[in-house]
Every structure is written in structure tokens, then in C-alpha cells.
Amino acid sequence: MMKYSVLLLSFFFSQWSLGIVGGHEYVFDDGDEVQNETRAQLFEKLAVELRCPKCQNQNLADSNAMIAGDLRRELYEQVKSGNDGESIINFMVDRYGEFVLYRPKMNTMTYVLWFGPVALLLVGLVCLVFIVRKRKQNNALTDDFSQEQQKRLNELLEKDKGGDHV
Amino acid sequence: MKRWALFIPFITFTLLGFLLWRGLYLDPKDIPSALVDKPFPEFSLPTLIGEELKTQSSLEGEVTLVNVWGTWCISCKVEHPFLVELAERGVRIIGVNYKDENDAARKWLVDLGNPYEYSVDDVDGTLSMDLGVTGAPETFFVDAKGVIRYKHQGVITQGTWAPLEKIWLSLVDESKQAVNP
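Just so you know, the sequences run in chain order A and B.
For the first sequence, my numbering begins at 1 and goes up steadily by one.
For the second sequence, my numbering begins at 167 and goes up steadily by one.
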């Protein structure tokens, strides 16, 4: 209830915005309405996209590790003082390596990561096309009974009708 | 369909299996440090004892182990006796006291021995953040020019020292060659 009334207040008075990350509230109140809101959003976005360097698979927002708390505070302070997303990401990568990026940078190391799935999909599609075309060809072949074959088939069917087939 | 094409699924399976099998034996915590081969980050911090201001230039001139520790860190207690032993053998060790209480830290050094030439008091963790420290203990191998050459995460004990000693010796050799080639 408290949280909602705070949100409501911030909505009406617009002097500050809240970034809510991992159940904690972070206040952005240095600039005008628009600036506060964009900074709060940038903060929330980065806290989710940056990985806790101590943890195997948690972002900064979710982790309880000491280092994650420190980095959340650092992130908050950098966003609040107006640093843009790219410079903050560079700050983190310079210290903790690309491990901390849940959205990896595109470079020769990560091409496989970025384009692998699309490449596999294309390979699958090509295979599918080949198989379908081949099957069509085979069907075309079997459809093409020679007259002699057709005659023989008719004879066999005729024969079968006559006999008392059990 | 050509006969060899029948083997494609089998080959794919084998390759994928090999890849995943390899993955089982990789250590996911083994993250390459972003700071290896970079100069030691700038800092200006007081020492724990004596409150003398030190900067990154105080590391230069000699091969140094920079050990990040804290009294709140249990593993630090495990490695401490071996650090004392290394210091006695003449290894230069400098401490970074990471987010700690000064009194507790000083008591620790009195009770357990002080292997550090000095420890800087990184009370708010800024130097440790610049070092990309994720926990303690962590130890940086810094060459005589003040460049970080290796980072060891976890304890240094008799058991883990052997490969680290090679690194340390090679750095010492390098610094001697630089002095008299």
C-alpha cells in the first residue's frame, strides 16, 4: 500500500521517479519529470541486463551477493549522475569482463552466439525444402504408371473381386 | 539418398555429445579477469596501520602479490598462515583490506601475524571495485612495472601454491633481466 501511495505521489507531483529493483526503491530526483523517468527506466533496464559477477546466473537486480549490492549502488549513482548506458556498461566490462553482459556485444567472439540460431534455422529450412522436393519427385514417379503396369493392376484387382477372399 | 548422407545425423550427434561432455568438466566459475596485462588501477588510500597515504606507484619496483582480504571472510583465515610463511620466504605481499572494520582488522594482524608490507584500508570497496574483485580472498600478481599479470581467485595454500609459484618466479626473473640484461 505504501509503495502504491508513493508511486501515486510521484505521478502527481512528478518531482521524482522511482526505480524499483530487486524489491528496493531507488529515487531519481535531480532533474525534470522526463529526465527522472528516463533515468529510472535506464537503471531498471541495466540492473536486469547486467549479470552479478559472483553468481552463476543471476542479474544484479535478483542477487543477494555482497558484490551485487555494491554494483547496484554503483549503477544507481552512475545513472543518477547522468552517465549514459554505454559508458556504464563499459565501466562494468573494464572491471569484470564481458561475463557481466547478459546482452553480449557483437564481435568476432560472439558471432556464433548471435547468428548461430538463425544459421541453424536456415540449414533446417534448406533440408526441409530438399526433402519435400525429393518426395514430390518420388510421388511423380509412382504416379506415372506405364500402360502395361496399369493393365496388370486392373487385372489383379478384377481377379481379386471374383475370388472369395477371406 | 546417397549413402554417406545417412551418417550426417550420427556425426552431428557425436560432435554435439563431445561438446557437451567437454562442458561438464569446465569450471563455470573460472572467469578470465578483465585486468590481466593492464596497469594496476589508480588508488590513493591510507594504510591500515599508521594511516600513511599510498598510491599505485608504491607497488612498482618489485614483484608484488596484492591480496584482498577481510576479517569477515572465512577463507581468508584459511590462507593466512601460508601468506605469513610466504612473507617469511621473502615474497612481497601487500594487503587490500576490503570493506572491513579497522579495529577488527588490526586485531587480526596482531593475533595471526602480519604478512603484509602494508595493508591499505579500502573501507568502501572502491579500489576493490576497480580491481574487479567479486569476493575475498583474491590475489593479484603484479610485476615490477606495476602491471597486473595474473589473478588468483580463492585461497593460496601449500596445495594451490605450486603453479602460482611458477608465475611468481617467472615475474621475478623478468624483473631481474630488466635490471641487468
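All C-beta atoms, glycine included, are put in the ideal place defined by N, C-alpha and C.
Being a predicted model, the structure only gives us computed values, none of them experimental.
Proximity winner among the options, relative to residue i (alpha-carbon distances)
i	options	result
L42(A)	I88(A), L153(A), C52(A) and N59(A)	I88(A)
T326(B)	A344(B), E340(B), E304(B) and V338(B)	E304(B)
K54(A)	G301(B), V345(B) and S336(B)	G301(B)
G312(B)	L337(B), A328(B), I322(B) and T323(B)	L337(B)
D30(A)	H24(A), G82(A) and V21(A)	G82(A)
S175(B)	G124(A), R72(A), R51(A) and R103(A)	Correcting the residue identity first, residue 175(B) is Pro in this sequence and not Ser. Of the candidates G124(A), R72(A), R51(A) and R103(A), the one whose C-alpha sits nearest the C-alpha of P175(B) is G124(A).
Q56(A)	E228(B), D196(B) and C239(B)	D196(B)
V159(B)	P329(B), D277(B), P281(B) and L219(B)	With chain B represented from 167 up to 347, any question about residue 159(B) goes unanswered, as that position is not in the structure.
D290(B)	V276(B), E267(B) and D277(B)	E267(B)
R95(A)	C52(A), Y76(A) and K45(A)	C52(A)
V34(A)	P117(A), Q15(A), A65(A) and R73(A)	Q15(A)
F209(B)	G279(B), L225(B) and F179(B)	L225(B)
R272(B)	G216(B), G227(B) and D203(B)	G216(B)
S285(B)	G189(B), I314(B) and T230(B)	T230(B)
D203(B)	K342(B), E254(B), L335(B) and Y316(B)	Y316(B)
Y102(A)	E148(A), Y111(A) and L60(A)	L60(A)
D339(B)	Q324(B), G320(B) and E228(B)	E228(B)
Integer-rounded CB distance, given that residue j should sit under 8 Å from residue i
i	j	result
G236(B)	Y264(B)	5 Å
M92(A)	V79(A)	About 12 Å; that fails the 8 Å criterion.
P198(B)	G97(A)	6 Å
E283(B)	I259(B)	7 Å
A40(A)	F28(A)	5 Å
A310(B)	A344(B)	7 Å
V262(B)	D288(B)	5 Å
L293(B)	L211(B)	6 Å
Q222(B)	F248(B)	With 8 Å as the limit, Q222(B) and F248(B) do not qualify as a contact, their Cβ atoms being about 26 Å apart.
For residue i, the first and last residue of its enclosing alpha helix (DSSP H)
i	result
F91(A)	G85 to Y96
Q41(A)	E33 to E49
P175(B)	I174 to L190
K80(A)	M66 to K80
T323(B)	Note, T323(B): premise wrong, no alpha helix (DSSP H); not H, not E.
F206(B)	Element bounds for F206(B): n/a, residue is neither H nor E.
L162(B)	Residue 162(B) lies beyond the residue range present for chain B, which begins at 167 and ends at 347; the question has no answer from this structure.
A270(B)	N268 to L278
D296(B)	T292 to D296
Limits of the unbroken beta strand (DSSP E) element including residue i
i	result
I20(A)	S17 to V21
L219(B)	L219 to T221
Bridge partners - residue i, DSSP secondary structure assignment
i	result
G261(B)	N233(B) and S285(B)
Q349(B)	Beyond the ends of chain B as shown, which are 167 and 347, falls residue 349(B); an answer cannot be given.
V126(A)	Looking at the DSSP assignment, V126(A) forms no beta bridge with any residue, so it has no partner.
T213(B)	V286(B)
E25(A)	I20(A)
V313(B)	P205(B)
L335(B)	According to DSSP, which records beta bridges pairwise, L335(B) is partnered with nothing at all.
L101(A)	L50(A)
N59(A)	R51(A)
Cβ-heavy atom distance, residue i to the ligand NAD, below 7 Å
i	result
S63(A)	As for the ligand NAD, it is missing from this structure, which has no ligand bound.
**Request:** May I ask you to list, following chain order, the residues of the stretch 67–93 of chain A that have a beta carbon less than 7 Å from some beta carbon of chain B?
**Result:** Answer in chain order: I67, D70, E74 and V93.
**Request:** Check each residue of the stretch 185–215 of chain B: if its Cβ is closer than 8 Å to any Cβ of chain A, include it; give the result in chain order.
**Result:** Within the stretch 185–215 of chain B, those residues whose Cβ lies closer than 8 Å to any Cβ of chain A are, in chain order, P194, K195, I197, P198, S199, A200 and L201.
**Asked** Which residues, taken in chain order from the stretch 47–59 of chain A, show a beta carbon closer than 8 Å to some beta carbon of chain B?
**Response** Flagged, chain order: P53, K54 and Q56.
**Prompt:** Got a sec: which bits of the stretch 295–307 of chain B sit with their beta carbon under 7 Å from any beta carbon on chain A, in order along the chain?
**Reply:** Listed by position, the residues of the stretch 295–307 of chain B near chain A (Cβ gap below 7 Å) are M295, D296, G298, T300 and G301.
**Proximal residues, the stretch 97–124 of chain A versus chain B, C-beta separation under 7 Å** = Of all residues in the stretch 97–124 of chain A, the ones placed with a Cβ closer than 7 Å to any Cβ belonging to chain B are G97 and F99, in chain order.
**Asked** Going along the stretch 261–293 of chain B in order, which residues come within less than 7 Å of chain A, judged by CB to CB distance?
**Response** The stretch 261–293 of chain B vs chain A, Cβ under 7 Å: G291.
**Item:** Proximal residues, the stretch 146–157 of chain A versus chain B, C-beta separation under 8 Å
**Value:** Going along the stretch 146–157 of chain A in chain order, one finds no residue with a Cβ nearer than 8 Å to chain B.
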